Each structure stands twice: as structure tokens, then as C-alpha cells.
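See structure below.
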Amino acid sequence: MIKATQETGIILSFGLLAWGLLMDLAIHFNLQCAFWVLIAVLAIGVVWAMIYWPWPRITRASKRVE
């Protein structure tokens, strides 16, 4: 449980870092360009979470308990 919380914290901190960088891009460059970059980063993050998130380990553990 602690490891999952640490992983969530790491993901959130990287997400906040990416958000800050995108807002910096939005200020210095074009706002619409930064918006599309944000959409692309969110899509990549969702795919990464679906592949690497430890849900299969949790479901296997719950099946073993039964």
C-alpha cells in the first residue's frame, strides 16, 4: 500500500512539473500550441498508466485470497 502511494505521489509530482512547463510554454509562445501539447501529454500519460499501473498484481492477489 505504501509503494502504491509513493508511485501515485511520483506520478502527481511529474504531472505538476509538466503542467508548470506547459504554462511556461503558454506564456512564452502560443496558448493554442500549448493546449495541444497538453492534450498529447495527457493522452500519453493515460496510455502509460494503463500499461504500467499495478492493477493486474492487485487482481491476482485478490484471486489468491479467495
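In terms of my numbering, the sequence shown is residues 257 to 322.
Note that CB positions come from ideal geometry on N, CA and C, so glycine has one too.
Bear in mind that the values here come from a model prediction, so they are computed numbers and not experimental data.
Asked	Found
Could you have a look at residue 285 and say whether DSSP puts it in helix, strand or coil?	coil
If you draw a straight line from the alpha carbon of residue 306 to that of residue 293, how long is it in whole angstroms?	20 Å
With distances taken from CA atoms, which of 283, 289, 288, 297 is nearest residue 272?	297
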